[in-house]
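Structure first, commentary second.
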Amino acid sequence: MAKIVTYCNQKGGVGKTTSAVTFAVDLQRRGHSVLMFDADPQLSAYNWAGASQETDGFPVEIRVLENNAKFISKELKKYFDSYDYIIIDSPPNLENGILRRCLLISDAYVLSFIPKSLELSALPPIKAYIEDVDIMRSEIDSYPLKGGLFYNMVNNTRLVKAVIDVVESDKLFPVFNARIRTSTLVPESQLLGLTIFEMGAKGKKLQEDFTALTDEIIELI
Ligand SMILES: Nc1ncnc2c1ncn2[C@@H]1O[C@H](COP(=O)(O)OP(=O)(O)OP(=O)(O)O)[C@@H](O)[C@H]1O
Ligand SMILES: [Mg+2]
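Letter by letter, the sequence shown follows residues 42 to 262 of our numbering.
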């Protein structure tokens, strides 16, 4: 039965798509069978993979999750027995029920977070949302969601350190140890329709960041 992981944050541009796709590709590289669903009407994940048509094709299968939130679990159930992992990239909002339906059938959430002061206000609402999902899950006899927050676009500034200190003292979310650095290779790879694993030696450190995160997520679920 597939393990299902949903990437989330109602804030836009925090790295949900980047990290969800990279996790899916990393799992595939490790020999697991992986299906990725793009549940964001912007179709960023789907388009990233689509940009690869002129090269060798994208290493992981990405499907669009039809924009009818009602049928998400029905749609996903078709694939439960055929894959080891199903990875979902979700849209940057909490309003239309898509994320709730994804989280109801997931094993874990991964919250992508940029440690900038402006982003901090995003955390209490998503925490409350996940707690609400957990109440619904308990009503259908499902276990509480696993998951946690990881820091994306980390650099060595005092601001970043200060925000990380606040997040860790608030204890709103479990925090993954792996941190993803800021790298121009991320947007470059997306333009080329390549994964960060295809960006050559210059991408080694960035790959190490992501593979460390993959290790922790696998361990968690
Ligand atoms: N570690 C990183 N270093 C540099 N740029 C990054 C990094 N992570 C993401 N980006 C860039 O930031 C932008 C937003 O990333 P991404 O699309 O993954 O975020 P998102 O949360 O999925 O956005 P949306 O909410 O719009 O779906 C992209 O241009 C991406 O290339
Ligand atoms: Mg996205």
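Where a beta carbon is used, it is the ideal one built from N, C-alpha and C, also for glycine.
This structure is a prediction, so every number in the text was calculated from the model and none was measured.
The three-state reading of DSSP puts residue 153 in strand, counting E and B together.
Chain order is used for the residues whose beta-carbon lies nearer than 6 Å to a heavy atom of ligand 2, namely 57, 58, 81, 85, 130. In this model, residue 177 and residue 147 are separated by some 13 Å (Cα to Cα). DSSP, reduced to helix, strand and coil, places residue 130 within a strand of the structure shown.
Annotation for residue 234: no alpha helix (DSSP H) segment contains it, and DSSP assigns it neither H nor E. Annotation for residue 194 indicates a beta carbon within 7 Å of some heavy atom of ligand 1.
Taking C-alpha positions only, residue 77 is separated from residue 65 by approximately 7 Å. About 4 Å separates the Cβ atoms of residue 132 and residue 81, confirming a contact at the 8 Å cut-off. Residue pairing by DSSP puts residue 49 in a beta bridge opposite 152. Less than 8 Å separates the beta-carbon of residue 237 from that of residue 251. Relative to ligand 1, the beta carbon of residue 71 is positioned no closer than 7 Å to any heavy atom. In terms of Cα proximity to residue 226, the closest of 52, 46, 63 is 63. The shortest CA-to-CA distance from residue 145 to any of 166, 179, 59 is the one to 179.
Looking at the DSSP output, residue 241 bridges to nothing.
Taking each of 211, 55, 209, 172 in turn and checking the Cα distance to residue 130, the smallest one comes out for 55.
According to the DSSP assignment, residue 221 belongs to the beta strand (DSSP E) that extends over 216-222. Put simply, of 171, 61, 115 the residue whose alpha carbon is nearest the alpha carbon of residue 215 is 171. With distances taken between CA atoms, residue 192 lies nearest to 57 out of 57, 46, 44. The beta carbon of residue 224 sits closer than 7 Å to at least one heavy atom of ligand 1.
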